[in-house]
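Undergrad:
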Amino acid sequence: MTVDTESGPAGGAAALVQVRAQLSLSTAAARNLATTTKSAPQMQEITSRWLLKMLPWVQVSAGTYRVNRRLSYATGRGRVGFAKTGTSVSVIAPSLTEVPALRGFGDEAVLEELARRFVQRDFAPGDLLVREGEPISEVFLIAHGKVERLGTGKYGEETVVGTLADGDHIGDEALTEASGNWPYTVRAATAGVAMALPWSQFQELTDRSAELREHLLGFAADAAQAQNAHGEADIDLSAGHEGEVELPGAFVDYELKPREYELSVAQTILKVHTRVA
Numbered sequence: 001m002t003v004d005t006e007s008g009p010a011g012g013a014a015a016l017v018q019v020r021a022q023l024s025l026s027t028a029a030a031r032n033l034a035t036t037t038k039s040a041p042q043m044q045e046i047t048s049r050w051l052l053k054m055l056p057w058v059q060v061s062a063g064t065y066r067v068n069r070r071l072s073y074a075t076g077r078g079r080v081g082f083a084k085t086g087t088s089v090s091v092i093a094p095s096l097t098e099v100p101a102l103r104g105f106g107d108e109a110v111l112e113e114l115a116r117r118f119v120q121r122d123f124a125p126g127d128l129l130v131r132e133g134e135p136i137s138e139v140f141l142i143a144h145g146k147v148e149r150l151g152t153g154k155y156g157e158e159t160v161v162g163t164l165a166d167g168d169h170i171g172d173e174a175l176t177e178a179s180g181n182w183p184y185t186v187r188a189a190t191a192g193v194a195m196a197l198p199w200s201q202f203q204e205l206t207d208r209s210a211e212l213r214e215h216l217l218g219f220a221a222d223a224a225q226a227q228n229a230h231g232e233a234d235i236d237l238s239a240g241h242e243g244e245v246e247l248p249g250a251f252v253d254y255e256l257k258p259r260e261y262e263l264s265v266a267q268t269i270l271k272v273h274t275r276v277a
């Protein structure tokens, strides 16, 4: 810092202060880093160094990190989107591909038609949307509120086996359930809004669209494949046998389009005092 004194316009002395910006580490701070037994410099902005050391880091020489996974027949369940205008609710058509049976379906016109056929249905706490054992006759999308999936416990008591909220959906199990009946009861935990689509309406649209019909056949074929608890293609093996037995042959199948992460670089120029260097 420098202070210059000069005469002002009125003849008085005015103090003009000029402050120079610091361009490197100060001598006092450099001493703390250079002349003592010390820890590594710490930052509250970054993640704990102990956590970073525990993570399974992989040396990546390429610009893209590809994650090769086992082929999975089970499709994840995403959340459907809704448009709300006052008390009126409608389904956002492109988000219907978050339903497992429609995952990857690309005919936007069919999705728009399907979205228009959903009917708004309000519910109050305690209302039953479906009952266990009854035929699955509708698909439900939860637009707002919370509902509970109820099952039967070990001793015959009623138990909550799951909770559904905004964007969740039920009823597409009819494509994979052998009996075509609800495997659980659904009861409203709060007031809310559901969008319902009768299976008769869905079947009518399926009969009209060859592309949708072919897509659903492919989904049903994948669901019928032997798979483990994680939805991956099952590997046939034999265990616990005695003597000479014929062992099953198998192979491990992998996804044809695995997930890829493009890597980015964060850089800066860090100035260090010569006493530290």
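Mapping to UniProt numbering: the sequence shown position 188 is 188, numbers consecutive.
The beta carbon of each residue, even a glycine, is placed where N, CA and C say it ideally should be.
Remember, predicted model here, so these are calculated numbers, not experimental data.
Specify, as a first and last residue, the run of the beta strand (DSSP E) that Glu-112 falls within.
TA: Premise fails: Glu-112 lies in the alpha helix (DSSP H), 108-116, not in any beta strand (DSSP E).
Undergrad: In this structure, does DSSP put Arg-259 in helix, strand or coil?
TA: Here Arg-259 sits in strand by DSSP.
Undergrad: Report the rounded CA-to-CA distance for Gly-126 versus Thr-190, giving the unit in angstroms.
TA: 8 Å
Undergrad: Do Glu-158 and Leu-150 come within 8 Å of each other at the CB atom, strictly closer than that value?
TA: Taking 8 Å as the Cβ cut-off, Leu-150 and Glu-158 qualify as a contacting pair.
Undergrad: Kindly provide the ranges of any beta strand (DSSP E) runs that are 3 or more residues long and lie completely inside the stretch 214-249, ordered along the chain.
TA: none
Undergrad: Does Ala-174 come out as helix, strand or coil in the three-state DSSP assignment?
TA: Note: Ala-174 maps to helix in three-state DSSP.
Undergrad: For Leu-150, does the three-state DSSP call read helix, strand or coil?
TA: strand
Undergrad: Relative to the C-alpha of Asp-168, which candidate in Asp-253, Ser-95, Gln-267 has its C-alpha closest?
TA: Ser-95
Undergrad: Can you tell me where the alpha helix (DSSP H) holding Thr-27 begins and where it ends?
TA: Element bounds for Thr-27: 27-34.
Undergrad: Using 7 Å as the cut-off, classify the Cβ of Gln-120 as near or not near the heavy atoms of the ligand SAM, replying yes or no.
TA: Among the components modelled here there is no ligand, and therefore nothing to report on the ligand SAM.
Undergrad: Taking the DSSP output, what are the residues bridged to Gly-192?
TA: Phe-123
Undergrad: Please check the pair Asp-172 and Val-99, which I expect to be a contact at CB under 8 Å, by giving their CB distance rounded to whole angstroms.
TA: Contact check for Asp-172 and Val-99: beta-carbon distance about 6 Å, within the 8 Å limit, so the pair qualifies.
Undergrad: Out of Ala-165, Lys-271, Ala-250, Ser-72, state which residue places its alpha-carbon closest to the alpha-carbon of Val-186.
TA: Ala-165
Undergrad: His-230: buried (16+ other C-beta within 10 angstroms of its C-beta) or exposed?
TA: exposed
Undergrad: What's the call for Gly-145, buried or exposed, on a 16-neighbour Cβ count within 10 Å?
TA: buried
Undergrad: Is the separation between the beta-carbon of Leu-197 and that of Arg-117 shorter than 8 Å?
TA: The Cβ atoms of Leu-197 and Arg-117 lie closer than 8 Å to each other.
Undergrad: Look up Ser-90 in the DSSP assignment and give the residues it is bridged to.
TA: Ala-83
Undergrad: State buried or exposed for Phe-123, treating a residue as buried only when at least 16 other CB atoms are found within 10 Å of its CB.
TA: buried
Undergrad: Classify Phe-202 as helix, strand or coil using the three-state DSSP reduction.
TA: DSSP places Phe-202 in helix when its eight states are reduced to three.
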